[in-house]
Structures are given as structure tokens and as C-alpha cells.
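Report on the structure given below.
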Amino acid sequence: MKTTKIIIKNKVGIHARPASRFVSTAAGFKSNITITKGASSASAKSITKILSLRIKMNDEITISADGDDEAEALNALTELIDSKFGDE
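Counting in the numbering used here, the sequence shown runs from 4 upward without gaps.
Okay, here's the thing in C-alpha cells:
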């Protein structure tokens with residue numbers, strides 16, 4: 004299992020459009036991927052569960068991936084977050 008922490012930098016956090024892009028990216032990997040904010044965790048492959056975390060700008064999240072392509076999954080998801088989901 005690989006884990007990384009990252010700060011959300013886009014102004015609106017993870018609302019519907021970024022969550023959709025996040026889920027689409029995560030779904031391309033076989034690994035089990037989880038997002039954690041504080042004490043709450045959600046599957047990175049479920050848009051409703053991601054939205055329930057209410058992730059805002061400057062929130063720190065932890066992304067965990069477990070599987071054959073875990074390193075590639077974390078790289079792709081951190082790149083997506085670093086690009087501010089293409090929103091800005």
C-alpha cells in the first residue's frame with residue numbers, strides 16, 4: 004500500500020466537476036483507492052462518497068492506493084490535484 008498527503012489548491016475545492024474527474028481517473032486503475040480527510044474516508048471511485056467529504060481549498064487529504072498499479076494511481080491523482088483539476 005502506498006499513501007500520499009496533498010493540499011487541495013483550487014479555489015472551490017472538490018465539488019461535482021473535480022470529483023467527477025477524480026473518479027474517472029481513479030476508475031482507470033485496478034488498485035483500491037481511498038481518500039481520507041480528517042477522520043472520514045471514502046472510496047475514490049464513488050462520486051457521492053467523495054462529495055460527502057466536503058473537501059475545500061487548503062484542506063489536506065490523504066490518498067491511499069493498494070494494488071498492482073498503486074504507484075501509477077497515486078501519481079495520476081496527485082497530478083490531477085496539482086493541476087487544480089483544470090478549473091483555473
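By construction, the Cβ of each residue, glycine as well, lies at the ideal position given by its N, Cα and C atoms.
Subject >> Distance, L83 Cα to E73 Cα >> reply: 15 Å
Original post:
When the Cα atoms are used, what is the spatial distance from T6 to H18?
Top reply: 23 Å
**OP:** Less than 8 Å between the CB atoms is what I'm expecting for I66 and A22, so what's the real figure, rounded?
**Re:** That pair is no contact at about 14 Å.
Subject >> For K40, the three-state DSSP class (helix, strand or coil) >> reply: strand
Subject >> Where S34 sits in the DSSP three-state scheme >> reply: coil
**OP:** For K87, collect the residues of the same chain with a Cβ closer than 7 Å to its Cβ; drop the 5 residues on either side in sequence, then sort them by chain order.
**Re:** K12 and N13
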